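Okay, structure first, notes after.
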DNA sequence: CGTATATTCAACCAACTGGTTGACATTCGT
DNA sequence: ACGAATGTCAACCAGTTGGTTGAATATACG
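This is the structure we're talking about:
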């Protein structure tokens, strides 16, 4: 999955999805168990899990009739690097940040030709 | 402005807005100058700046007929703390992270009653 | 005063989001 | 083989997003 900053940040922009990530921090979970505490349908949670998967924030592995959801925190790394570049956090990797800025600003579709 | 994680992350989810933030990292800028490199109308950029302002990521101060835009990186701090809580980055503040998780999970509107 | 500059507002539009429900496909247990 | 459990799919809906254009509002300049 191409986990761009776009997809990662927009996946994180929903409180339900952030809550799911927090739950998966504890342990891997089946879809039904993920859905259990929420006041919405299983289908809605299934969609949220798809969004998280597309963002690379979780992975899903089917075992029998149960689909296990697993946190994939690596996808947060590049987003975190981006944010740290604004100089407010410790542990800044300036080189990585510059690469991100260059790559993003170089997207021709975004800029005038 | 109530800069929630929702508004911060969803503001960051757009590449135009991230590019604007990167530009403001260099220096404060007028709205017209922010808009100049982009292939879209001034009105569109004005809307993006409103989104960024509502997220607390920038502030805008009118001086004469020019409205100056200024980066406000503090808004990134709580989002960055949230992300760091997933254990992949250095400088983790576990206490702050726990407080965030508790606050978010305690939102009753999200959970079944 | 009149005109150019800087920015927003209002109406509109297509596309996306986040939710619903009901039907469907798989797999497990008996 | 049957029935219950696990998830997804498809169609639908209301509300939001990201863009457009044209008019409106300040403010500054000469």
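Chains as they are written, first to last, in this note's numbering: chain A, 13 to 125; chain B, 13 to 125. Note that beta-carbon positions come from the ideal geometry of N, C-alpha and C, so glycine has one too. The structure presented is a predicted model; accordingly, all values stated were derived computationally and were not measured.
Discussion item. Any beta carbon of chain A sitting closer than 8 Å to that of residue 92 of chain B?
Written reply: yes
Discussion item. Using a Cβ-Cβ cutoff of less than 8 Å, which residues in the same chain neighbour residue 46 of chain B once the five nearest sequence positions on both sides are dropped?
Written reply: 32, 35, 36, 57, 61 and 81
Item to complete: Could you round the C-beta distance between residue 20 of chain A and residue 87 of chain A to whole angstroms and report it? I think they count as a contact, below 8 Å.
Response: 6 Å
Worksheet item: In whole angstroms, what is the alpha-carbon distance linking residue 79 of chain A and residue 17 of chain B?
Response: 29 Å
Worksheet item: If you check the beta carbons only, do residue 91 of chain A and residue 52 of chain B fall under 8 Å apart?
Response: no
Worksheet item: Curious, which full-length alpha helix (DSSP H) runs of at least 4 residues does the segment 20-53 of chain B contain?
Response: 27-38 and 43-47
Worksheet item: Which runs of the alpha helix (DSSP H) fall wholly inside the segment 62-104 of chain A and span at least 4 residues, in chain order?
Response: 86-96
Fill in: Where residue 25 of chain A meets chain B, residues with beta-carbon distance less than 9 Å
17, 18, 19, 20, 21, 22, 23, 24 and 25
Worksheet item: CB residue 22 of chain B to CB residue 25 of chain A, shorter than 8 Å?
Response: yes
Item to complete: Report all residues from its chain with a CB closer than 7 Å to the CB of residue 63 of chain B; omit the five preceding and five following residues, and keep chain order.
Response: 23 and 29
Item to complete: Classify residue 16 of chain A as helix, strand or coil using the three-state DSSP reduction.
Response: coil
Worksheet item: Cα separation between residue 100 of chain A and residue 49 of chain A?
Response: With a pLDDT of 49 at residue 100 of chain A, under the threshold of 50, the modelled position of this residue cannot be trusted, and the question is left open.
Worksheet item: Does any C-beta atom of chain A lie closer than 8 Å to the C-beta of residue 64 of chain B?
Response: no
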